[in-house]
Amino acid sequence: MSSTDQQIDGPRGCQEHELALTVDLLNLVMRRAEGLPPTIGSDYPHVYCAGNRENMRIIKMGGQVVSHVGLFLTENKVGDHALRVASLGCMVTHPDYRHRGLGSAVAEDFARTMTELAADVGWLGTDIADWYRRLGWEKAGREYIYKLDRGNATLLPSVEEYEVQRGYQGYLEQMLARHQQHPFGTNRSLGLFKLLLDRPDTDRWPQLETYVATRQERLGAYLVVSGREVLEYAGRPEVVAGLLGEVFRREDEPAVSTSDRDDTGAPALDATLSVHAPVADDDLSGVLAGMGLPRSEGYVGLLRIPDLSRLLAKLGLDEIEVEQEENSAVLSRGSESCQLTPREQVKLVFGPERVADFAADLFPIPFYHWPLDYI
Ligand SMILES: CC(C)(COP(=O)(O)OP(=O)(O)OC[C@H]1O[C@@H](n2cnc3c(N)ncnc32)[C@H](O)[C@@H]1OP(=O)(O)O)[C@@H](O)C(=O)NCCC(=O)NCCS
6 MSSTDQQIDG PRGCQEHELA LTVDLLNLVM RRAEGLPPTI GSDYPHVYCA
56 GNRENMRIIK MGGQVVSHVG LFLTENKVGD HALRVASLGC MVTHPDYRHR
106 GLGSAVAEDF ARTMTELAAD VGWLGTDIAD WYRRLGWEKA GREYIYKLDR
156 GNATLLPSVE EYEVQRGYQG YLEQMLARHQ QHPFGTNRSL GLFKLLLDRP
206 DTDRWPQLET YVATRQERLG AYLVVSGREV LEYAGRPEVV AGLLGEVFRR
256 EDEPAVSTSD RDDTGAPALD ATLSVHAPVA DDDLSGVLAG MGLPRSEGYV
306 GLLRIPDLSR LLAKLGLDEI EVEQEENSAV LSRGSESCQL TPREQVKLVF
356 GPERVADFAA DLFPIPFYHW PLDYI
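Count along the sequence shown starting at 1, add 5, and that's the number in our numbering.
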């Protein structure tokens, strides 16, 4: 359809010649409006690019790209199973075109696209959860966040027998193998992994850095750190824990004043390191919890299930029958049954809250999405 001032062109995939216009809109809304430089292209080089442009869903009006949502597919392991995950990023409408339903239209198009792509679950991170709730998204999943500081980092095991190196040079293939061995690893190509790790220093990914612990050129563990956060780790749990302690020491800044504050009133010194971890990673959590390290919990994100029957089959839960009704689904297994809205289905399958007693022995499924994969 050709566009005029009145006509709405889309939602549809972005064409090659519209790529620059679309990325300009994303930078306008997600970066320049926040007083930040236009870094969307380098923050997510795998998402907002020619190779993924069909999954950059846009609406044009009067020849201008006015609304957009991005989709990126990954395959995430959940123990013995793997789920196709459609991540949602850069949901934006131009400020002059808001409150007309355009954002909702591209978000609905995202839902159709993820069904076409046979995704099992949609993932997004946001601070406007209630806008997405109208569209069937719900907070779900559970992650642990451990916080290291000067009072506890010294208790982590030693990695004396390992050589600790900043940067992944020479170890990328072993890192990928370690990541893919992890029960919650994402299926990444070597090229994609490198692209994610090589992203430049921006407000979104400050000082993105990889650390490896090796012995006789064999990788024991790795960490990916950005600012004060550990975004990803893999390897032998006691080596991961030791590497956390070593990186904490290396990143600590003993020369910074402990009493000064910056212009916003925040302390000048932030001598902490937060570690994001899947709740079902018994190995690392076993080491850290065994030390008595406290942890907080958060949701993995907002999730949406495009097709509950297919998701359950993917998880090997064919014993549950699903009958789809207009705005809900009836689930049954033996003598048990329950009727749930799309958002309740998300909570039933991924938790953590219990919305029904149904199949309490099977749910929740410990889904995880590594922060390095966030878009
Ligand atoms: C979030 C965002 C994408 C919404 O885009 P939008 O095109 O305005 O979305 P919609 O028009 O579908 O919905 C916005 C509001 O308009 C209302 N609306 C929808 N259709 C409408 C219509 N035809 N007439 C009037 N209002 C309408 C919606 O109910 C919603 O109301 P609420 O904000 O009071 O709850 C946009 O505000 C934006 O770009 N924000 C900045 C970036 C951002 O925060 N993105 C999300 C990051 S996760």
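Yeah, the Cβ is synthetic: ideal placement off N, Cα and C, and Gly gets one too.
Judged by DSSP secondary structure, Glu234 falls within the beta strand (DSSP E) whose first and last residues are Glu234 to Gly240. Cβ neighbours of Val244 within its own chain (closer than 7 angstroms, five residues either side excluded): Val164, Tyr167, Ala218, Gly225 and Ala226. Here the alpha carbon of Asp268 sits roughly 44 angstroms from the alpha carbon of Glu349. Looking only at Gly190, Lys199, Arg266 and His187, the smallest Cα-Cα distance to Glu178 is reached by Lys199. A straight-line Cα-Cα distance of about 46 angstroms links Ala276 and Arg315. In the structure shown, Pro357 adopts coil according to DSSP, grouped into three states. The C-alpha of Glu251 lies about 11 angstroms from the C-alpha of Leu160. Residue pairing by DSSP places Ala87 opposite Lys82 in a beta bridge. Leu76 and Met119 do touch by the CB rule: their CB atoms are close to 7 angstroms apart, below 8 angstroms.
The continuous stretches of alpha helix (DSSP H) do not include Gln221, and DSSP gives it neither H nor E.
For Met66, the shortest separation between its Cβ and any heavy atom of ligand 1 does not lie below 7 angstroms. Nearest to Asp206 by C-alpha distance, out of Gly232, Asp154, Asp323 and His73, is Gly232.
No heavy atom of ligand 1 is found nearer than 7 angstroms to the CB of Gly175. With a threshold of 7 angstroms, the Cβ atom of Trp375 does not count as near ligand 1, since no heavy atom of the ligand is closer than that. A distance below 8 angstroms separates the beta carbons of Val230 and Glu214. Sequence-distant partners of Val169 (beyond 5 residues in either direction) whose C-beta falls short of 6 angstroms from its own C-beta, in its chain, are Ala218 and Glu251. Gly15 is a Cβ neighbour of Ile64, given a cutoff of 8 angstroms.
The three-state secondary structure of Asp29, taken from DSSP, is helix. In this structure, Phe355 sits away from Gly84, with a CB-CB distance that is not shorter than 8 angstroms. Under the three-state reduction of DSSP output, Pro347 falls in the helix class.
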